[in-house]
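Start counting at 1 in the first sequence, then tack on 3, and there's your number in the working numbering.
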Amino acid sequence: MDILAELNPAQKEAVEAINGPVLILAGPGSGKTRVIAHRVAYLIRVCGVNAHRIMAVTFTNKAAREMESRVQRLVGSSTGNITLGTFHAICARILRSEGRAIGINPSFVIYDEDDRLSLVKRSLRDIGLDPKQYAPRNIISAISAAKSSVLTPRDYMEQGHNYFKEVVGRVYERYQQLLTESSALDFDDLIMKTVQLFRENTGILGKYQERYLHLLVDEFQDTNLTQYELIKKLGGKYRNICVVGDPDQSIYSWRFADVGNILGFEKNYPEAKVILLEQNYRSTQKILETASSIIETNQKRKPKDLWTENEAGELTTVVDVYTEQEEARYVVNEIERLLSEQDVHRGDCAVMYRTNAQSRTLEEAFIRYGVPYKLVAGTRFYERREIKDIIAYFRLIQNPYDSVSLLRVINVPGRGIGKRSLEQLSDWAKSRGIAEYQSLQLLSELKGDEQPFKSGIKNTLIGFVNLIEGLGRRSQELNLVDMFDLVIKQSGYKDYVLAGTGGEERWENILELRTVVQQYSDLEPLTGLSAFLEGVALVSDVDGIDASLDAVTLITLHQAKGLEYLVVFIVGLEEGILPHIRSFDDPGQMEEERRLCYVGVTRAKERLYLIHAFRRSLMGSSQSRDASRFLGDIPRHLIKSGSFWESGEPQLVKSIYSPDKGPAGKMNNDIEIMTGDRVRHATFGDGIVVSCKPVKDDGEVVVAFTGAGIKRLLLSYATLEKVE
DNA sequence: CGAAAGGCTCTTTTT
DNA sequence: GAGCCTTTCG
4 MDILAELNPA QKEAVEAING PVLILAGPGS GKTRVIAHRV AYLIRVCGVN AHRIMAVTFT
64 NKAAREMESR VQRLVGSSTG NITLGTFHAI CARILRSEGR AIGINPSFVI YDEDDRLSLV
124 KRSLRDIGLD PKQYAPRNII SAISAAKSSV LTPRDYMEQG HNYFKEVVGR VYERYQQLLT
184 ESSALDFDDL IMKTVQLFRE NTGILGKYQE RYLHLLVDEF QDTNLTQYEL IKKLGGKYRN
244 ICVVGDPDQS IYSWRFADVG NILGFEKNYP EAKVILLEQN YRSTQKILET ASSIIETNQK
304 RKPKDLWTEN EAGELTTVVD VYTEQEEARY VVNEIERLLS EQDVHRGDCA VMYRTNAQSR
364 TLEEAFIRYG VPYKLVAGTR FYERREIKDI IAYFRLIQNP YDSVSLLRVI NVPGRGIGKR
424 SLEQLSDWAK SRGIAEYQSL QLLSELKGDE QPFKSGIKNT LIGFVNLIEG LGRRSQELNL
484 VDMFDLVIKQ SGYKDYVLAG TGGEERWENI LELRTVVQQY SDLEPLTGLS AFLEGVALVS
544 DVDGIDASLD AVTLITLHQA KGLEYLVVFI VGLEEGILPH IRSFDDPGQM EEERRLCYVG
604 VTRAKERLYL IHAFRRSLMG SSQSRDASRF LGDIPRHLIK SGSFWESGEP QLVKSIYSPD
664 KGPAGKMNND IEIMTGDRVR HATFGDGIVV SCKPVKDDGE VVVAFTGAGI KRLLLSYATL
724 EKVE
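Structure follows, in structure tokens:
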């Protein structure tokens, strides 16, 4: 196969420019993933570069997997050991093998957002501040900002002062101490520590610089300063750095991604070759025009010419609905209509929204109408309490100094270790400057007056240490699934979870985790354990999308980056939602909201629906909302109104009596009442349906009767009959 | 000590 | 509307 054959001139140029830095500015749907895959294949097959000497960084694990299979197909054999993955996964690997040089325990655990939160709260308490007064989330964010620019606590504190910074600086310092005591790294540390490793050890850096002849980074517009420095360092010797991205799709500034990385690339690498990919292969002309009209409103932006040879296609459908329930119902109805009238499958459709909370109403509608869907994220599987508990045991087996995990499960299932005892334990450990587990290990050696516990509780604590030590010993020889069963058995978790509320379902979840564990059971025991823990720490929600399942995808706009669907619904296009209210007082943020909308729109290949509701309940109370300003950016001639109000098309209200339980994939068509229908009522006589509105599991219809006037009726009580 | 109930706050996006 | 935390009671 000729690797260059199926590429357009710009793409070909991007693949062939293998010497020196290259900046590829790639519009949506311009085949950038393709270019990266082809470029890697070209390096291996045509240029004879050893795969071992190539690093390719992707935004998600899913993208990495896809990249691997594409390259494999192009090269025609196994890709060899190319370094391929997210920044986080790649850095975790480097730190496991080299981290010792900067004092990192190779068995380190990776702390997620949740762990981070509890550690920040503890840090606040440790320095004598009240976590309720200092919004731990803001502090996490400030620490994360620091780490995204490679600032240590000391660097941070030298950055000038104000009240908040002073507090953050002190918390950051304590937080970092606790992480070190726990042999733990948070997400930001994975990158930052790798940079520190390379800064402080020119020998190690030299080794990696020598190895990586070629570097490729996808979604470069969403990298932060630390990631940029990492790439700069790794490419320091050969300078064959190829970065790909699109400033118009930069949507992670809140995670301290710096679009300056891509905008300033030419300045930092004056010899860089710049290639523009502007031909779009994904969307119809109308969709592309809609997208352009939205993004062009942004002031701070380099104009670019996106074009396509695809057909003109359908107009964008803008839909005006009453409430979020009606919005959800519209989406479900419309998908079912497309399924029956067009060559569309459920798997071709996606519903996108700004906030996770919006998925709930959608889910309810999909369940009610029995339409299969796949929810990306929501309450993620790995965030469930029982799953986190079990994983905490595994983390303790790998690294008992992990204090977040220790405090999480030391009394789960209940062992009679209460709050007071835990406080004593933490204080005692803190006064000695060691991790909780280390102080627990001392217990059996110390006499009564040398430690703070009474003998009853002391023995319980020693019992817990023995449990973990025992599991640790067995983990050297048992495969992971046997280990799993042993953990469940020895911890007594099964009885515990079954006794609690929702026990059955939670136990099911644990069994599902067991099937995940099974995938690691062929590995050497200790390798399997760490591979499993690394896997669960670094999964992203989109990694789990099952492409073989023919179901509608429900996904946030952020997660949708890089994906494409035949039919896209973007819901909640309202002021305060998209754009989100938090962006109102900052023009920069507002531009990011618009980019987010742009990302969503450009996911669509053939059909695009933009939906806004007049009324939406948020945090309990229902409020009326204006349509999003982004809708106003779109010229009228690109829009077709899908609205009931404007088009006068009847609004369907289906199967309000018989929620769910329909066979999967089938709508319950038995009862169907639309506005405009003629109906007959036993006492009121004949009339016309004026409006329909869902109320819980019921429906409220307003009917104008010929004799009796306008009546408001509940479907479950009123016996209505359709009249032709 | 643990479970249950009540009251509080805060809601963006995630590797 | 939910989750988190505190309070209360057994």
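For glycine and all other residues, C-beta sits at the position ideal for the given N, C-alpha and C.
Beta-carbon gap between D351 and I298 smaller than 8 Å: no
Shortest alpha-carbon distance to L46 belongs to which of R618, D488 and I57? I57
Run through DSSP, which three-state label would G737 get? No answer is possible for residue 737: the residues shown for the chain start at 4 and end at 727.
Unbroken beta strand (DSSP E) run spanning K218, endpoints: Inspection of the sequence shows that residue 218 is occupied by Leu rather than by Lys. Note, L218: beta strand (DSSP E), H217 to V220.
I'd like the span of the beta strand (DSSP E) that includes F633, first residue to last. No beta strand (DSSP E) contains F633, which is instead part of the alpha helix (DSSP H) from R632 to G635.
Is it a yes or a no for the stretch 414-431 touching the stretch 530-543, going by three-plus beta-carbon pairs under 8 Å? no
Quick check on DSSP: helix, strand or coil for R681? strand
Which residues bound the beta strand (DSSP E) around M195? Taken as a continuous stretch (DSSP letters only), M195 belongs to no beta strand (DSSP E), being part of the alpha helix (DSSP H) at F190 to E203.
Helix, strand or coil for Q282? Go by DSSP, reduced to three states. strand
Over what stretch of residues does the beta strand (DSSP E) that includes R619 continue unbroken? R618 to L621
Rounded distance between the beta-carbons of L219 and I39, thought under 8 Å: 6 Å
K276 in three-state terms, based on DSSP: strand
Going by the CB atoms, is the gap between D546 and R383 shorter than 8 Å? no
If you reduce the DSSP assignment to three classes, tell me which class K643 lands in. strand
Whole angstroms is fine: what's the gap from F259's alpha carbon to N227's? 6 Å
Should L557 and E366 be called a contact, given that it needs their Cβ atoms to be closer than 8 Å? yes
Spatial distance of R73 from C245 (CA atoms): 18 Å
Given this structure, state the Cα-to-Cα distance separating M767 from Q361, to the nearest angstrom. Within the shown structure, residues of the chain are numbered from 4 to 727, placing residue 767 beyond reach of any answer.
Could you name the residues that DSSP lists as bridge partners for I573? M355 and L613
Alpha carbon to alpha carbon, what distance is there between R632 and E317? 22 Å
Looking at Y255: is its Cβ nearer than 8 Å to the Cβ of L237? no
Quick check on this structure: which residue in D452, S406 and S458 has the alpha carbon closest to the alpha carbon of K433? S406
Determine contact between the stretch 309-327 and the stretch 276-285, defined as no fewer than three beta-carbon pairs at a distance below 8 Å. yes
Can you tell me whether S152 is helix, strand or coil according to DSSP? coil
In or out: A315 buried (at least 16 other Cβ within 10 Å) or exposed? exposed
Short of 6 Å in beta carbon distance, which residues of its chain neighbour E16, apart from the five on each side in sequence? Order them along the chain. I278
Limits of the alpha helix (DSSP H) - the one that T463 falls within: S458 to R477
How would you call C50, buried or exposed, if buried means at least 16 neighbouring beta carbons within 10 angstroms? exposed
Nearest to I146 (by Cα), restricted to the options P528, P306, V170 and K135: V170
Would you call N359 buried or exposed, if buried means 16 or more other Cβ atoms sit within 10 Å of its Cβ? buried
Within the same chain, show all residues whose beta-carbon is closer than 8 Å to that of Q212, passing over the 5 residues directly before and after it, in chain order. K236, L237, G238, G239, K240 and Y241
From the DSSP output, read off the bridge partner residues of S625. S620
What's the gap between the Cα of L446 and the Cα of N469? 12 Å
Beta-carbon within less than 7 Å of N11's beta-carbon, same chain only, minus the 5 sequence neighbours each way: which residues are those? Q282
Look up L26 in the DSSP assignment and give the residues it is bridged to. V246 and V277
Between I400 and G475, how many whole angstroms is the CB-CB distance? I'm expecting something under 8 Å. 5 Å
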